[in-house]
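Colleague: Let me give you the structure first, and then I'll get to my questions.
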Amino acid sequence: MNSAPLEQLDDADLMLRVRSQDDEAAFTLLVSRHQKSLLNFFIRSGVQYDSEDLVQQTFLRLYRYRQRYVASAKFTTFLFLLARQVWIDELRRRQRRQRLAESLAAEPYEEFAAPAAPSAGVAGDLDLARALAALSEGLRQVIELAVYQDLPYAEVAEILEIPVGTVKSRMFNALAKLRELLVEKRGDTP
Amino acid sequence: MNLYAHLSELPAAEATAFRALVTRLRALPQHEPSPLLTSRILAAVADERAHPTLDVQPETRNQKPETQKPRLWYWAAAGLAACLLAVLTLFDRPADPTAADPTVWLAASQEADGSWQPAHHGGDPAYRPALTALAALALARDPADRFSADVRRACDALAALQTPDGAFGGTGRVRAYNHALATYALAALAPQDGPAAAALERAVAYSRANQSVEGGWDYEPGSEGNAAMTSWQVQALAAAAAKGIGQANIPLRKGLVWLRGAARDDGGVAYHRGSPSRSEGLAALTAHTLMTSGQAFEGLPALGRRLTVNLTAKDDAADCYRDYAKVMAFESAGDTARAETVRDGMQLRRQAGAQDPWEPIGGTLYTCAFTALARK
Chain D
0 MNSAPLEQLD
10 DADLMLRVRS
20 QDDEAAFTLL
30 VSRHQKSLLN
40 FFIRSGVQYD
50 SEDLVQQTFL
60 RLYRYRQRYV
70 ASAKFTTFLF
80 LLARQVWIDE
90 LRRRQRRQRL
100 AESLAAEPYE
110 EFAAPAAPSA
120 GVAGDLDLAR
130 ALAALSEGLR
140 QVIELAVYQD
150 LPYAEVAEIL
160 EIPVGTVKSR
170 MFNALAKLRE
180 LLVEKRGDTP
Chain G
0 MNLYAHLSEL
10 PAAEATAFRA
20 LVTRLRALPQ
30 HEPSPLLTSR
40 ILAAVADERA
50 HPTLDVQPET
60 RNQKPETQKP
70 RLWYWAAAGL
80 AACLLAVLTL
90 FDRPADPTAA
100 DPTVWLAASQ
110 EADGSWQPAH
120 HGGDPAYRPA
130 LTALAALALA
140 RDPADRFSAD
150 VRRACDALAA
160 LQTPDGAFGG
170 TGRVRAYNHA
180 LATYALAALA
190 PQDGPAAAAL
200 ERAVAYSRAN
210 QSVEGGWDYE
220 PGSEGNAAMT
230 SWQVQALAAA
240 AAKGIGQANI
250 PLRKGLVWLR
260 GAARDDGGVA
270 YHRGSPSRSE
280 GLAALTAHTL
290 MTSGQAFEGL
300 PALGRRLTVN
310 LTAKDDAADC
320 YRDYAKVMAF
330 ESAGDTARAE
340 TVRDGMQLRR
350 QAGAQDPWEP
360 IGGTLYTCAF
370 TALARK
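Chains D and G, in that order, are what the protein sequence lines are.
Each residue of the first sequence is one higher than the last, beginning at 0 in numbering that gives the first Met the number 0.
Each residue of the second sequence is one higher than the last, beginning at 0 in numbering that gives the first Met the number 0.
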């Protein structure tokens, strides 16, 4: 076990401490290092209100499944595997609600919330944020992992459970689609 | 291969355009986590450590766990904490507000406008309506009725804190808890006329408009519901219906149906229906709600009593919210002995200085209000 001060340990060493010693300080450090990137992952995935809840769920799963972690891959790969599963569970919940909402839509006293409007956050590039939100889930996740998390394609492929070649094609399609959406927004001729 | 290696394989013009796009993507503003997120996560993990919910066998590889119906009563608790939390951090003050008579301390802590300001007691100012509601409910339980004027001022303060849409401010969880607790307090305490009564009508309309299609309430509009939020809303609507507010009846019935579906055959209640996890605090809150707010409906009080059967009366860790729910559930079930056991445990843990998981968020108002609410 690496005996350097915690702050100097990399994520994998911290996670190994959590796994073997239930080290609270190490876990706290992992939370502080990664909560922001997870938060933005969920927000960019379209979660409007509960993004911090999903971050909390992800860290709970990280703790709950700590014994499954071995340092054979990057820590972030493991973390975003968990985050993606949290997101999938959330999507399933939403889809189930949507089906029920559709079946009950005739009820006169129900009101349904409009879909969340994409937001660039504070004073941002709203056109680009909206274009990003308009991408399909599969394309947006490749952008999220390869652009924002800066993961190598091999790790993106592992998290999304697709071949590396598919990561490449999705990345190309995602960027092309974004460019197309931005051109449409400006009213230019492609 | 990474992104830039990939882009370098593309024709030059395309690669340049895509690189520029990637630069723009990375320049989009990042959202900052709330200051409380870390403590919420750590509190939830501490709870997981104390009460593991899944039997996860060690694996030899980095395997992803199966997706699951998450055991989310943490959110309930964390949300409650968050909502309730705005209330208390007075530990650096000379007197222990929960030592003898917490209501006296609460009354003395009321602001000039009739509200309670969590920020003055180590809490989050966003939860001012929720904590004003809790404090008012606590004062109203005083057997000698010493605080009736303070309670009236609190009701007027809640009316003043209401926003034009009938809610009480905030977004997401903050909004949900502010609304549920403020509506409950107004329904239980407001006079039949005046600004507080009008505020209650608007609050009930908001509850009705924001109920899920399944009958529950949650933090996100359109979500199915969670047991904690639905319990509070149902209690609020039951009190409003008892006051003669007709528009409360339909959402009350639907909410009770949702809660009935949240009670599992094994006596457990999870934060979200369908989750295999269980939470004693949520089971107690649901049981109390079914026995009291659902007393006019066949089968619901009996279901509530069944939920109390497997509840433990003795806990090691401090948790005022859980203890309050257990006391109310045992009292509603007529089990005064176990209710007293919970109260004793609460008192002992306070005397021992045990840290409530939500104290860092809720401050002294939260602990003090729940301590008062759980008293005989």
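Glycine included, each C-beta is placed from N, C-alpha and C at the ideal position.
Since the structure is predicted, the reported quantities are computational estimates derived from the model, not experimental observations.
Could you round the C-beta distance between residue 127 of chain G and residue 160 of chain G to whole angstroms and report it? I think they count as a contact, below 8 Å.
Modeller: Residue 127 of chain G to residue 160 of chain G, Cβ: 7 Å. Contact.
Colleague: CB residue 229 of chain G to CB residue 199 of chain G, shorter than 7 Å?
Modeller: No, the pair does not count as a contact, with Cβ atoms beyond the cut-off.
Colleague: Which class does residue 69 of chain D belong to by DSSP, given the choice of helix, strand or coil?
Modeller: DSSP places residue 69 of chain D in coil when its eight states are reduced to three.
Colleague: Would you tell me roughly how many angstroms separate the C-alpha atoms of residue 91 of chain G and residue 114 of chain G, rounded to the nearest one?
Modeller: Since pLDDT at residue 91 of chain G reaches only 37, below the 50 mark, its modelled position is unreliable, and the value read off the structure follows with that caveat. Whole-angstrom Cα-Cα distance: 22 Å.
Colleague: Listed in chain order, which residues of the segment 317 to 340 of chain G have Cβ atoms closer than 9 Å to some Cβ of chain D?
Modeller: Against chain D - using a Cβ distance shorter than 9 Å - the segment 317 to 340 of chain G contributes no residues.
Colleague: What residues from chain G crowd round residue 27 of chain D, counting only those whose CB sits closer than 8 Å?
Modeller: Correct list: 37 and 41.
Colleague: Check residue 312 of chain G in the structure and name its three-state DSSP category.
Modeller: Here residue 312 of chain G sits in coil by DSSP.
Colleague: Can you tell me the Cβ-Cβ gap for residue 138 of chain G and residue 105 of chain G, rounded? I've got them flagged as a contact below 8 Å.
Modeller: Right, the Cβ-Cβ distance comes to about 6 Å (below 8 Å), so this counts as a contact.
Colleague: Determine the closest residue to residue 131 of chain G out of G/144, G/141, G/261 and G/151, with distance taken between C-alpha atoms.
Modeller: Cα-wise, what sits closest to residue 131 of chain G is G/151.
Colleague: Rounded to the nearest angstrom, what separates residue 126 of chain D and residue 148 of chain G at their Cα positions?
Modeller: One C-alpha to the other measures close to 54 Å.
Colleague: Can you list the alpha helix (DSSP H) stretches of 4 or more residues lying completely in the segment 247 to 292 of chain G, in chain order?
Modeller: Whole alpha helix (DSSP H) segments, 4+ residues: 248 to 261 and 279 to 291.
Colleague: Any idea if residue 16 of chain D is buried or exposed, counting beta-carbon neighbours within 10 angstroms, 16 or more meaning buried?
Modeller: By the 10 Å Cβ count, residue 16 of chain D comes out buried.
Colleague: Identify the contact partners of residue 309 of chain G in chain D, using a Cβ-Cβ distance below 8 Å as the criterion.
Modeller: What residue 309 of chain G touches in chain D: nothing, since even the nearest Cβ is about 23 Å away.
Colleague: Go ahead and pull the three-state DSSP assignment for residue 220 of chain G.
Modeller: Residue state, collapsed to three classes: coil.
Colleague: What is the residue span of the alpha helix (DSSP H) that residue 137 of chain D lies within?
Modeller: Taken as a continuous stretch (DSSP letters only), the alpha helix (DSSP H) holding residue 137 of chain D covers 136 to 142.
Colleague: Within 8 Å, do at least three Cβ pairs link the segment 62 to 72 of chain D to the segment 16 to 32 of chain D?
Modeller: Short answer: they touch.
Colleague: Give me the residue from G/308, G/342 and G/296 with the minimum Cα distance to residue 317 of chain G.
Modeller: For residue 317 of chain G, the nearest C-alpha among the options comes from G/342.
Colleague: Could you tell me whether the Cβ of residue 259 of chain G comes closer than 7 Å to any Cβ of chain D?
Modeller: It does not: the Cβ of residue 259 of chain G has no partner Cβ on chain D nearer than 7 Å.
Colleague: For residue 20 of chain G versus residue 138 of chain D, is the C-beta spacing smaller than 7 Å?
Modeller: Contact flag unset, no.
Colleague: Could you check which residue in G/363, G/374 and G/373 has the C-alpha nearest to that of residue 108 of chain G?
Modeller: The candidate whose alpha carbon is nearest that of residue 108 of chain G is G/363.
Colleague: Are the beta-carbon atoms of residue 157 of chain D and residue 76 of chain D separated by less than 7 Å?
Modeller: Cβ atoms of residue 157 of chain D and residue 76 of chain D: closer than 7 Å.
Colleague: I'd like to know if residue 296 of chain G contacts chain D, where contact means its C-beta is closer than 7 Å to some C-beta of that chain.
Modeller: No, no contact with chain D.
Colleague: Does DSSP classify residue 242 of chain G as helix, strand or coil?
Modeller: Residue 242 of chain G falls in the coil class under three-state DSSP.
Colleague: Residues of chain D with CB closer than 9 Å to the CB of residue 16 of chain G, please, in chain order.
Modeller: Correct list: 174 and 178.
Colleague: In this structure, how does DSSP classify residue 115 of chain D when only helix, strand and coil are distinguished?
Modeller: Any answer about residue 115 of chain D is weak, because its pLDDT of 39 lies below 50 and its placement is not dependable; what the coordinates show is given next. If DSSP states are grouped into helix, strand and coil, residue 115 of chain D belongs with coil.
Colleague: On a Cα-Cα basis, can you pick out the residue from D/49, D/11, D/58 and D/78 that is closest to residue 70 of chain D?
Modeller: Among D/49, D/11, D/58 and D/78, the Cα nearest to that of residue 70 of chain D belongs to D/11.
Colleague: Expressed to the nearest angstrom, what Euclidean distance is found between the alpha-carbon atoms of residue 29 of chain G and residue 329 of chain G?
Modeller: C-alpha separation (whole angstroms): 47 Å.
Colleague: Going along chain G in order, which residues have a C-beta closer than 9 Å to the C-beta of residue 6 of chain D?
Modeller: Residues of chain G passing the Cβ test: none, with the nearest at roughly 16 Å.
Colleague: Give the interface partners of residue 151 of chain D over in chain G, defined as CB-CB distance under 8 Å, in chain order.
Modeller: Ordered by position in chain G, the residues that pass the 8 Å Cβ test against residue 151 of chain D are 0 and 1.
Colleague: Determine, for residue 5 of chain G, whether the minimum Cβ-Cβ distance to residues of chain D falls below 7 Å.
Modeller: Interface residue, yes.
Colleague: Quick one: give me the first and last residue of the alpha helix (DSSP H) that residue 120 of chain G is part of.
Modeller: Segment: none, residue 120 of chain G is in no alpha helix (DSSP H) and carries neither H nor E.
Colleague: With burial defined as no fewer than 16 other Cβ atoms inside 10 Å of the residue's Cβ, what is the status of residue 232 of chain G: buried or exposed?
Modeller: Buried, because 16 or more other Cβ atoms sit within 10 Å of the Cβ of residue 232 of chain G.
Colleague: Give the straight-line distance between the Cα atoms of residue 86 of chain D and residue 149 of chain D, rounded to the nearest whole angstrom.
Modeller: When rounded, the distance between both Cα atoms is 19 Å.
Colleague: Could you tell me the distance, in whole angstroms, from the CA atom of residue 299 of chain G to the CA atom of residue 216 of chain G?
Modeller: Distance between the alpha carbons of residue 299 of chain G and residue 216 of chain G: 19 Å.
Colleague: In chain order, what residues of the segment 127 to 145 of chain D put their CB closer than 9 Å to some CB of chain G?
Modeller: Flagged, chain order: 127, 128, 131, 142 and 145.
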